[in-house]
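Asker: First, the structure itself, so that you have it in front of you.
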Amino acid sequence: SLVNGTEIFKAARKGHYAVGAFNTNNLEWTRAILGAAQETNTPILIQTSMGAAKYMGGYELCKNLVEQTIKSMNITVPVIMHLDHGNYEAAKECIEVGYNSVMFDGHDLPFEENLAKTKEIVALAHAKGISVEAEVGSIGGEEDGIIGAGELADVEEAKQLAAAGPDYLAVGIGNIHGVYPENWQGLSFDRLQELADVIDLPLVLHGGSGIPKEQILKAISMGISKVNVNTEQQIAWSKAVKEYYAENKDQAEKGFDPRKVLAPGTKAIKDTVESRIEWFGTPAVK
Ligand code: G3H
Ligand code: ZN
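Next comes the structure, spelled out in structure tokens:
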């Protein structure tokens with residue numbers, strides 16, 4: 002069933018585990034992510050970036066797709082439908098169409114404006130029982146046109162943004178979207194500790210793909226309660242599809258029936274999501 006993220010992530014911070022946030026792009030991705038949640042009997046967050054929603058045909062369609070897939074697959078675990086890295090307009094639209102949770106990503110705005118707009122989105126969202134994620138500091142790298150410099154979150158700014166009333170807070174702690182460069186320095190646990198000491202909100206780690214497991218587990222033990230993973234599913238999908246083509250390219254009906262071609266990729270996404278759920282220690286629902 003569809004629920005907001007407020008209680009689920011509060012419980013995660015308190016219980017020192019995380020709930021995964023996985024990006025969808027289409028029907029197959031949606032089925033794979035929801036299927037992984039059902040199989041492991043754990044809550045899950047499924048999210049659309051602005052780019053993915055545009056690709057799929059709009060926020061309302063995305064919301065309906067997730068809702069109908071839950072119904073047709075008999076998904077019984079809690080599912081949070083979330084907007085990933087939304088600007089002000091996108092966040093407002095998703096609140097309108099009934100997402101359960103929205104991220105307002107104001108990291109590229111002057112801080113005062115990020116703060117003011119976060120407050121506005123919080124008021125609109127909370128009036129409808131929708132959760133809000135805010136962002137302080139920026140996530141390095143690029144994702145669907147969202148570019149960040151990767152600076153560490155300022156602790157004072159983080160405190161002020163947390164006081165604006167969001168339900169969870171994305172923090173820049175050296176994390177990067179996409180594939181990590183060879184010379185990546187790793188997560189800044191010093192900064193994470195400083196943030197976790199003064200902020201009670203569940204903290205969000207973006208750029209979850211490619212961070213070594215020990216670093217993810219350490220970050221979760223320190224207050225990270227939501228981990229966003231996208232690129233890893235894309236890599237798993239394309240690897241499986243390439244292998245499928247390599248094996249079946251000479252077999253006519255197997256080579257062009259989209260349902261056959263897409264099946265191994267879908268399975269690879271589901272396996273990746275299940276393995277991350279296991280890493281994050283998300284407990285099964287009772
Ligand atoms: O918002 C989405 C995540 O931060 C995804 O990052 O593609 O590096 O896993 P990733
Ligand atoms: Zn992100």
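Throughout, UniProt numbering is defined as the position within the sequence shown, counted from one, plus 1.
For glycine and all other residues, C-beta sits at the position ideal for the given N, C-alpha and C.
Does DSSP put Leu204 in a helix, in a strand, or in coil?
Answerer: Three-state result, Leu204: strand.
Asker: List the endpoints of the continuous beta strand (DSSP E) containing Met82.
Answerer: Segment Val80 to Gly87, the beta strand (DSSP E) holding Met82.
Asker: Would you give the residue range spanned by the alpha helix (DSSP H) that Met51 belongs to?
Answerer: Met51 to Met57 is the span of the alpha helix (DSSP H), which, as asked, contains Met51.
Asker: Could you tell me which uninterrupted beta strand (DSSP E) segments, each at least 3 residues in length, are contained entirely in the stretch 222-278, listed from first to last along the chain?
Answerer: Segments of the beta strand (DSSP E) lying fully in the stretch 222-278: 225-230.
Asker: Tell me, which residues are paired with Ser102 by DSSP?
Answerer: DSSP lists His83 and Ser132 as partners of Ser102.
Asker: Considering Ala163, what are the terminal residues of the beta strand (DSSP E) in which it resides?
Answerer: Unbroken run through Ala163 is the alpha helix (DSSP H), Val156 to Ala164; no beta strand (DSSP E).
Asker: Going by DSSP, name the residue or residues bridged to Leu170.
Answerer: The partner list for Leu170 (beta bridge, DSSP) reads Ala135 and Leu204.
Asker: Buried or exposed for Lys243, please, with buried defined as at least 16 other CB atoms from any protein chain shown within 10 angstroms of its CB.
Answerer: Lys243 should be labelled exposed.
Asker: Compare the Cα-Cα distances from Arg192 to each of Val205, Lys214, Ala154 and Met74 and report the closest residue.
Answerer: Of Val205, Lys214, Ala154 and Met74, the residue nearest in Cα terms is Ala154.
Asker: Counting along the chain, where does the alpha helix (DSSP H) carrying Val4 start and finish?
Answerer: That residue, Val4, is in no alpha helix (DSSP H); it is neither H nor E in DSSP.
Asker: DSSP puts Gln48 in a beta bridge; with which residues?
Answerer: Bridge partners of Gln48: Asn24 and His83.
Asker: Report the rounded CA-to-CA distance for Ala197 versus Ser2, giving the unit in angstroms.
Answerer: Distance between the alpha carbons of Ala197 and Ser2: 31 Å.
Asker: Look at His178 and Gly141 and say whether their C-beta atoms are less than 8 Å apart.
Answerer: Yes; because the gap between Cβ atoms is below 8 Å, this pair is in contact.
Asker: Given a threshold of 16 other Cβ atoms within 10 Å of its Cβ, counted over all protein chains shown, does Arg260 qualify as buried or as exposed?
Answerer: It is exposed - the Cβ of Arg260 has fewer than 16 other Cβ atoms within 10 Å.
Asker: With the cut-off set at 8 Å, would you say Lys64 and Val98 are in Cβ contact?
Answerer: Cβ atoms of Lys64 and Val98: closer than 8 Å.
Asker: Per the contact definition of three or more C-beta pairs closer than 8 Å, is the stretch 235-255 in contact with the stretch 34-45?
Answerer: Not touching, per the Cβ criterion.
Asker: Shorter than 7 Å, the distance from the beta carbon of Thr232 to the closest heavy atom of ligand 1, or not?
Answerer: The answer is yes for Thr232.
Asker: What is the residue span of the alpha helix (DSSP H) that Ser73 lies within?
Answerer: Segment Tyr60 to Ser73, the alpha helix (DSSP H) holding Ser73.
Asker: Pick out whichever of Ser189, Met51 and Val199 has its Cα sitting closest to the Cα of Glu157.
Answerer: Nearest of Ser189, Met51 and Val199 to Glu157, Cα basis: Val199.
Asker: Taking all protein chains shown into account, do 16 or more other C-beta atoms lie within 10 angstroms of the C-beta of Thr77, making it buried, or fewer, making it exposed?
Answerer: Label assigned to Thr77: exposed.
Asker: Near Gln216, what residues of its chain come up, given a Cβ to Cβ distance below 7 Å and the 5 sequence neighbours on each side ignored?
Answerer: So the qualifying residues of the chain are Gly187 and Leu188.
Asker: Just to confirm, does Ile225 get its C-beta within under 7 Å of one of the non-hydrogen atoms of ligand 2?
Answerer: No.
Asker: Answer yes or no: do Tyr60 and Pro284 have a C-beta to C-beta separation smaller than 8 Å?
Answerer: No, the pair does not count as a contact, with Cβ atoms beyond the cut-off.
Asker: What do you reckon, is the C-beta of Ile81 under 7 Å from a heavy atom of ligand 2?
Answerer: The answer is no for Ile81.
Asker: What does DSSP give as the partner residue(s) for residue 371 in the beta ladder?
Answerer: Shown here, the chain extends from 2 to 287; a query on residue 371 therefore has no answer.
Asker: Any heavy atom of ligand 2 closer than 7 Å to the CB of Asp85?
Answerer: At least one heavy atom of ligand 2 is nearer than 7 Å to the Cβ of Asp85, so yes.
Asker: Please return the same chain residues whose Cβ sits closer than 7 Å to the Cβ of Cys95, not counting the five positions on each side in sequence.
Answerer: If we look at Cys95 and ignore the five residues flanking it on each side, its Cβ neighbours are Tyr60, Leu84, Gly87 and Val103.
Asker: Taking only heavy atoms of ligand 2 into account, decide whether any of them is closer than 7 Å to the Cβ of Ile140.
Answerer: Ile140 Cβ: within cutoff of ligand 2.
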